[in-house]
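**Student:**
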Amino acid sequence: MQDVMQTVRRIVQRLAEAEAQRRSLAGMIRNLPGSSLVVRATPHPLDPLQVAAVDGGLMKKSLHGMDCLLVRAAAVCFRYTGGKVGSVAYFPSRDPAPRAEVFEALSEIEWSQFASLHRLLEEIRTAAQALEQFQPDLLLLDGMLLPHYLDKPAAASPLGSLYQQVLGEYRLLFARAREHHVALAGVVEDSRNTAFCEYLGSEILPRLGPPGPELELLQQTRDSALLFHLLERGERTMPLPTSNPVAAEIGAPPLQTFYLKTARFDRPLRVDFVPETVEIDALAGMLLAVSGQHAGYGMPAPIIEADQVARLTEGEMDRFYVSILSQAGSLSATMRLRRDQRPF
């Protein structure tokens with residue numbers, strides 16, 4: 005136990021030193037003369053404004069001979085007037101039924117992709133339908149605007165057709181956003197991105213002199229860890245181009261990313277957006293106006309509501325499993341995994 009406590013003390017000391025260094029580096033960057041790295045956003049007056057948000061819920065369970073999946077997505081539309089919420093609409097409903105899927109022969113990697121792709125399919129399909137129905141000023145996705153490259157299955161995978169379905173829904177979403185002139189953005193709750201730190205290390209620090217400890221610090225820092233100290237509430241970063249290998253498959257328009265601090269004690273939000281659908285100042289103003297009602301949590305209110313509606317619970321999966329057992333009887337495929345039924 006003594007060894008563990010010594011390790012903890014070393015870790016805490018290292019973290020505290022790195023935090024102090026990031027705070028110092030952030031202060032230096034803020035004081036760069038003529039810098040456009042940090043920009044003050046002007047909140048939208050919310051009179052009027054319609055902001056829709058989409059989120060998905062996922063619950064999965066592995067059994068002896070098959071894998072079970074429950075997935076659902078929900079869209080909400082906040083209609084603001086006079087600086088406050090006038091009404092909230094839901095799609096497809098305020099309590100949508102989950103969709104169930106089972107598969108009997110997937111590897112561990114394919115099972116993870118299967119679940120992720122079905123969630124994306126449900127979310128993006130719901131987003132395209134909600135955009136058509138609500139035609140909001142802004143449509144927010146909870147997460148990135150494009151699939152993660154790890155969601156792409158191998159060439160010989162049985163998930164190929166499912167992946168193509170997902171890409172088709174993305175194409176439809178982007179097309180409808182252009183058709184109806186709807187601003188499209190994705191808000192990433194917990195980003196691991198390092199693009200802003202990489203930009204500072206390659207474009208800003210070299211102008212200040214030869215490489216020093218600041219460069220090494222940036223190479224070990226996530227964007228949000230530095231920007232927590234760099235940005236004040238109501239400030240955003242300059243936009244940076246974002247690349248995604250899936251973009252070419254979809255034919256997606258060019259995307260950009262920026263960070264916005266919407267709550268005093270929370271980390272900045274990472275925002276991916278389509279510049280051809282909205283200007284960055286307008287988008288930052290809308291997000292700032294509908295976020296940060298809690299000083300410690302900066303996510304936009306429409307996304308919070310969409311998450312509450314779409315979220316799935318263990319109880320819902322348990323009821324689904326019991327329904328299978330009641331109709332299928334005692335089949336080996338429906339047996340629980342040994343690790344889930346250990347007698348001790």
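Position one of the sequence shown corresponds to residue 5 (our numbering), numbered consecutively onward.
The C-beta atom is built at its ideal place from N, Cα and C for all residues, glycine as well.
1) Quick one: what does DSSP say Arg237 is sitting in, helix, strand or coil?
2) In the DSSP assignment, find the alpha helix (DSSP H) that holds Gly172 and state where it starts and stops.
3) Where Ser330 and Phe324 are concerned, what is the direct C-alpha to C-alpha distance, given to the nearest angstrom?
4) Does Arg76 come out as helix, strand or coil in the three-state DSSP assignment?
5) For the beta strand (DSSP E) that contains Met63, what are its first and last residues?
6) Run the CB neighbour count on Ala179, radius 10 Å, all protein chains shown included, and call it buried at 16 or more, exposed below.
7) Got a sec? Which residues, its chain only, sit under 6 Å from Val106 by beta carbon, not counting five neighbours each side?
8) Is Leu124 closer than 9 Å to Arg103 when the C-beta atoms are compared?
9) Please work out which residues of its chain come closer than 8 Å, Cβ to Cβ, to Leu177, disregarding the five sequence neighbours upstream and downstream, and give them in chain order.
10) Would you mind reading off the limits of the alpha helix (DSSP H) that contains Val192?
11) Measuring CB to CB, does Leu143 end up less than 9 Å from Val186?
12) When the distance is taken between beta carbons, is Ala45 closer than 9 Å to Glu283?
13) Tell me whether the beta-carbon of Ala77 lies closer than 9 Å to the beta-carbon of Ala314.
14) Using the Cα positions of Ser3 and Arg340, report the straight-line distance between them to the nearest angstrom.
15) Identify every residue that forms a DSSP beta bridge with His298.
16) So the alpha helix (DSSP H) Pro102 belongs to, where does it begin and stop?
17) Can you tell me which of Gln117, Met321, Gly190 puts its alpha carbon nearest to the alpha carbon of Ser161?
18) Can you give the beta carbon distance from Thr225 to Arg13, rounded, assuming they're within the 8 Å contact cut?
**Tutor:** The short version:
1) Here residue 237 corresponds to residue number 233 of the sequence shown, with the count starting at 1. Arg237: coil per DSSP, three-state reduction.
2) Your numbering for residue 172 matches position 168 in the sequence shown. From DSSP, the alpha helix (DSSP H) with Gly172 extends over 164-184.
3) Against the sequence shown, residue 330 aligns to sequence position 326. Against the sequence shown, residue 324 aligns to sequence position 320. Straight-line Cα distance between these residues: approximately 10 Å.
4) Numbered from its first residue, the sequence shown carries residue 76 at position 72. Residue state, collapsed to three classes: strand.
5) On the sequence shown, position 59 is the one that residue 63 refers to. Element bounds for Met63: 53-66.
6) In the sequence shown, the residue the question calls residue 179 occupies position 175. So Ala179 counts as exposed.
7) Translated into the one-based positions of the sequence shown, residue 106 becomes position 102. Once the five neighbours on either side are set aside, the close Cβ partners of Val106 are Met70, Cys72.
8) Within the sequence shown, the letter at position 99 stands for residue 103. Within the sequence shown, the letter at position 120 stands for residue 124. No, the pair does not count as a contact, with Cβ atoms beyond the cut-off.
9) As a first step, residue 177 is located in the sequence shown; it is residue number 173 there, counting from the start. Here the set comprises Ile128, Ala131, Ala132, Leu135, Leu188.
10) Mapped onto the sequence shown, residue 192 falls at position 188. Careful: Val192 lies outside any alpha helix (DSSP H), inside the beta strand (DSSP E) at 187-192.
11) If you number the sequence shown from 1, residue 143 lands on position 139. If you number the sequence shown from 1, residue 186 lands on position 182. In this structure, Val186 lies closer than 9 Å to Leu143 by Cβ.
12) Walking along the sequence shown from the start, residue 283 turns up at place 279. Walking along the sequence shown from the start, residue 45 turns up at place 41. Taking 9 Å as the Cβ cut-off, Glu283 and Ala45 do not qualify as a contacting pair.
13) As a first step, residue 77 must be located in the sequence shown, where it is residue number 73. As a first step, residue 314 must be located in the sequence shown, where it is residue number 310. Going by C-beta atoms, Ala77 is nearer than 9 Å to Ala314.
14) Nothing in the structure corresponds to residue 3, since the chain is present only between 5 and 348.
15) Here residue 298 corresponds to residue number 294 of the sequence shown, with the count starting at 1. For His298, which the question treats as bridged, DSSP gives the partners Tyr301.
16) To locate residue 102, count along the sequence shown from 1; it is residue 98. No alpha helix (DSSP H) contains Pro102, which DSSP labels as neither H nor E.
17) Against the sequence shown, residue 161 aligns to sequence position 157. Considering only alpha carbons, the answer is Gln117.
18) Along the sequence shown, one-based indexing puts residue 225 at 221. Along the sequence shown, one-based indexing puts residue 13 at 9. With a Cβ gap of about 22 Å, Thr225 and Arg13 do not count as contacting.
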